[in-house]
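Undergrad:
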Amino acid sequence: MPKHFLTDINIGTYKCFQDFQVGGFKRLNLIIGKNNIGKTALMEAIFINAHASEIRYVVSAIIGVKFMRENLNLLAGNTLEDRHIFLSQFKKIRLKSSVAELEFEVLDNDGIKQYQFIINELESVVNANELNIVNRVHPANIEFIDNFGWSDRELIFAFNTIQTQDKEPELNAYIHEFDNTITSFKVIGSKPQCGLLENGGTVYRDIVEFGDGLKHYISIICAMHACKDGYLFIDEIDNGIYYEHLDRLWELIFDLSKTCNCQVFATTHSKEMLEAYARVAQKLQDQEVSLTTLVKNRQNEIKALTLDYSGLINSVFEQGHEVR
5 MPKHFLTDIN IGTYKCFQDF QVGGFKRLNL IIGKNNIGKT ALMEAIFINA HASEIRYVVS
65 AIIGVKFMRE NLNLLAGNTL EDRHIFLSQF KKIRLKSSVA ELEFEVLDND GIKQYQFIIN
125 ELESVVNANE LNIVNRVHPA NIEFIDNFGW SDRELIFAFN TIQTQDKEPE LNAYIHEFDN
185 TITSFKVIGS KPQCGLLENG GTVYRDIVEF GDGLKHYISI ICAMHACKDG YLFIDEIDNG
245 IYYEHLDRLW ELIFDLSKTC NCQVFATTHS KEMLEAYARV AQKLQDQEVS LTTLVKNRQN
305 EIKALTLDYS GLINSVFEQG HEVR
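Per our numbering, the sequence shown starts with residue 5, numbered consecutively.
1. On the three-state DSSP scale, how would you describe Pro4?
2. Starting from Tyr313, follow the alpha helix (DSSP H) in both directions and report where the run begins and ends.
3. Does the Cβ of Glu48 have 16 or more other Cβ atoms within 10 Å, making it buried, or fewer, making it exposed?
4. Just how far apart, CA to CA, sit Gln169 and Asp23?
5. Under 8 Å, with one C-beta from each stretch per pair, do the region 124 to 141 and the region 205 to 223 reach the 3-pair mark?
6. Between which two residues does the beta strand (DSSP E) harbouring Glu48 extend?
7. Using 10 angstroms around the beta-carbon of Lys30, count the other beta-carbons present and answer buried if the total reaches 16, otherwise exposed.
8. Tell me, to the nearest whole angstrom, how far the beta carbon of Ala282 is from that of Ile317; I am working on the premise that it is less than 8 Å.
9. Can you tell me the Cα-Cα spacing of Leu311 and Glu276, whole angstroms?
10. Assign Cys20 to buried or exposed, taking buried as 16 or more other Cβ atoms, counted over all protein chains shown, within 10 Å of its Cβ.
11. If we count the other Cβ atoms within 10 Å of its Cβ and call it buried at 16 or more, is Leu278 buried or exposed?
12. If you drop the 5 nearest sequence neighbours on each side, which residues of the same chain put their C-beta closer than 7 Å to that of Leu78?
13. Considering only C-alpha positions, which residue in the set Gln286, Ala280, Thr272 and Leu309 is nearest to Asn39?
14. State the start and end residues of the unbroken beta strand (DSSP E) segment that holds Ala270.
15. What is the DSSP secondary structure of Asn133, reduced to helix, strand or coil?
16. Determine which residues share a DSSP beta bridge with Asp12 and list them.
17. Ends of the alpha helix (DSSP H) at Leu92?
18. Which residue marks the beginning of the alpha helix (DSSP H) containing Lys95, and which one marks its end?
19. Could you check the C-alpha separation between Ile67 and Thr44 for me, to the nearest Å?
20. What's the call for Leu175, buried or exposed, on a 16-neighbour Cβ count within 10 Å?
21. Can you look up Met228 in the DSSP assignment and give me helix, strand or coil?
22. If we ignore side chains and look at the alpha-carbon of each, how far apart do Arg73 and Lys219 end up?
23. For Pro196, count neighbouring C-beta atoms within 10 Å of its own C-beta (all shown protein chains included) and say buried if the count is 16 or more, exposed if not.
24. Closer than 7 Å by C-beta to Asn243: which residues in its own chain qualify, once you throw out the five before and the five after it? Chain order, please.
25. When the distance is taken between beta carbons, is Arg252 closer than 8 Å to Glu181?
26. So Tyr119 is in the beta strand (DSSP E); what residue range does that whole segment cover?
27. By a C-beta neighbour count over all protein chains shown, 10 Å radius and 16 as the cutoff for buried, is Phe321 buried or exposed?
28. How about Ile179 and Leu200: do their beta carbons lie closer than 8 Å?
29. Rounded to a whole number of angstroms, what is the C-alpha to C-alpha distance between Thr83 and Gln286?
30. Do Asp233 and His8 have their C-beta atoms within less than 8 Å of each other?
31. Who are Asn33's beta bridge partners in DSSP?
Structure below.
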């Protein structure tokens, strides 16, 4: 596998996780488990760890998680003071993966708030009032699509990559497969819009008129290109996607993740989505896949069971793996 792909992570401290370990990750990784067991939190921890190269990236990732998890908009909590509050709420984070090691802790030194960062064994302690927290400062090839889906602004940002790479014809072909009444996708007047053929001409309509599924589908395709040589995280990947499109969505993800050299982590509650994942992996004979199931033992500790390609196929098609 490419060197930047994360194969395992030890979560010393992060939200519901304490001394938690999981490994066996591949190019494509699906995470399942019961409600509120920590699927999204696991992806968040990996997301933050993937940013462990500079303090500004780590800070942006931690605050970004707060915004995503609580669906905060850009106006809410957008002051410097609010962002320090968000950062301080995490108290302590310890993450060590195959690609990076990170420790973050909020310190109180005689009433003076400080932030301690240890990134790949390099320690820095910064006074809170000296840390400049700015918007969205992170590597361009690491993206997270939360369970609410991307905003227009986020979709447009990723679509810029499609334009830069001259991939618009390819994107339009994918969209036409999803809905054969749509001929093209454009950003017009800062609004994502889809083109329809009407009366011999093309009429553009706001993407919201086509439902959440299409926007989610387009977001994933654009994100894959934006995350070249990086990472893409998708919470509730089945969000708004009609079951008849699940196999095609996975085929796109399998193909684009390989083409773009992008490692993908996703969660789902859907049995149909899991079955489509296994079905497409088997169809393509692509063994760079994993399935991680989160469970709780008798001591109420969160544990992970990760299956490789063979385990995935056996579990889904021969044993009938439960998703929840």
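Each residue gets a CB set at the ideal place from its N, CA and C atoms; glycine is no exception. Computed from a prediction, not measured in an experiment: that's the story for all the values here.
TA: Looking at the atomic coordinates:
1. Nothing about residue 4 can be read from this structure; the chain reaches only from 5 to 328.
2. To locate residue 313, count along the sequence shown from 1; it is residue 309. Secondary structure note for Tyr313: its alpha helix (DSSP H) is the uninterrupted segment Tyr313 to Phe321.
3. Taking the first residue of the sequence shown as position 1, residue 48 is located at position 44. Per the 10 Å Cβ criterion, buried.
4. To locate residue 169, count along the sequence shown from 1; it is residue 165. To locate residue 23, count along the sequence shown from 1; it is residue 19. Their backbone Cα atoms lie some 42 Å apart in a straight line.
5. No: fewer than three Cβ pairs fall under 8 Å.
6. By 1-based counting over the sequence shown, the position of residue 48 is 44. Counting along the chain, no beta strand (DSSP E) covers Glu48; the unbroken alpha helix (DSSP H) around it starts and ends at Lys43 to Ala54.
7. Here residue 30 refers to the residue found at position 26 when the sequence shown is read from its first residue. With a 10 Å radius around the Cβ and a threshold of 16 neighbouring Cβ atoms, Lys30 comes out buried.
8. If you number the sequence shown from 1, residue 282 lands on position 278. If you number the sequence shown from 1, residue 317 lands on position 313. Your pair Ala282 and Ile317 checks out as a contact, with CB atoms roughly 6 Å apart and the cut at 8 Å.
9. Here residue 311 refers to the residue found at position 307 of the sequence shown. Here residue 276 refers to the residue found at position 272 of the sequence shown. If I take the Cα positions, the gap works out to 18 Å.
10. Stepping through the sequence shown from its first residue, residue 20 is reached at position 16. Under the 10 Å beta carbon count, Cys20 is surrounded by fewer than 16 other beta carbons and is classified as exposed.
11. By 1-based counting over the sequence shown, the position of residue 278 is 274. Residue environment: Leu278 is assigned as buried (16 or more neighbouring CB atoms within 10 Å of its CB, all protein chains considered).
12. Working through the sequence shown from its first residue, we reach residue 78 at position 74. Summary for Leu78: the model assigns pLDDT 48, below 50, so the residue's position carries little reliability; its value from the coordinates is reported in the next sentence. No residues qualify anywhere along the chain.
13. Counted from its first residue, the sequence shown places residue 39 at position 35. Nearest option by C-alpha distance: Thr272.
14. For this step, residue 270 is matched to residue 266 along the sequence shown. Here the beta strand (DSSP E) through Ala270 covers Gln267 to Thr271.
15. Position 129 of the sequence shown, counted from the start, is the residue given in the question as residue 133. Asn133 falls in the helix class under three-state DSSP.
16. Within the sequence shown, numbered from 1, the residue matching residue 12 stands at position 8. Asp12 is bridged by DSSP to Gly27.
17. As a working mapping, residue 92 is identified with position 88 in the sequence shown. Position check: residue 92 holds Ser in this sequence, whereas Leu was assumed. For Ser92, the uninterrupted alpha helix (DSSP H) run begins and ends at Leu84 to Ser92, by DSSP.
18. To locate residue 95, count along the sequence shown from 1; it is residue 91. No alpha helix (DSSP H) holds Lys95; DSSP gives it neither H nor E.
19. Residue mapping note: residue 67 aligns to position 63 of the sequence shown, counting from 1. Residue mapping note: residue 44 aligns to position 40 of the sequence shown, counting from 1. Annotation: Ile67 to Thr44 spans about 15 Å, alpha carbon to alpha carbon.
20. Here residue 175 refers to the residue found at position 171 of the sequence shown. Taking every protein chain shown into account, the CB of Leu175 has 16 or more other CB atoms within 10 angstroms, so this residue is buried.
21. Numbered from its first residue, the sequence shown carries residue 228 at position 224. Shown here, Met228 sits in a helix according to DSSP, grouped into three states.
22. By one-based count along the sequence shown, residue 73 stands at place 69. By one-based count along the sequence shown, residue 219 stands at place 215. Between Arg73 and Lys219, the alpha-carbon positions lie close to 20 Å from each other.
23. As a position in the sequence shown, residue 196 is number 192, starting the count at 1. So Pro196 counts as buried.
24. For the purposes of this step, residue 243 is identified with residue 239 of the sequence shown, where counting begins at 1. When the five nearest sequence neighbours on each side are left out, the beta carbons in the same chain lying within less than 7 Å of the beta carbon of Asn243 are those of Asn151, Gly153, Asp216 and His220, in order along the chain.
25. In the sequence shown, counting from the first residue as 1, residue 181 sits at position 177. In the sequence shown, counting from the first residue as 1, residue 252 sits at position 248. In terms of Cβ geometry, Glu181 and Arg252 form a close pair [threshold 8 Å].
26. On the sequence shown, residue 119 is found 115 positions in, with the first residue counted as 1. Its beta strand (DSSP E) spans residues Ile116 to Ile123.
27. As a position in the sequence shown, residue 321 is number 317, starting the count at 1. Exposed, because fewer than 16 other Cβ atoms sit within 10 Å of the Cβ of Phe321.
28. Locating residue 179 in the sequence shown gives position 175, where the first residue counts as 1. Locating residue 200 in the sequence shown gives position 196, where the first residue counts as 1. Taking 8 Å as the Cβ cut-off, Ile179 and Leu200 do not qualify as a contacting pair.
29. As a working mapping, residue 83 is identified with position 79 in the sequence shown. As a working mapping, residue 286 is identified with position 282 in the sequence shown. When rounded, the separation of the alpha-carbon atoms in Thr83 and Gln286 is 49 Å.
30. Residue 233 sits at position 229 when you count from the first residue of the sequence shown. Residue 8 sits at position 4 when you count from the first residue of the sequence shown. Yes, the Cβ-Cβ distance between Asp233 and His8 is below 8 Å.
31. Position 29 of the sequence shown, counted from the first residue, corresponds to residue 33. Partner residues in the beta bridge of Asn33, as assigned by DSSP, are Phe269 and Ser294.
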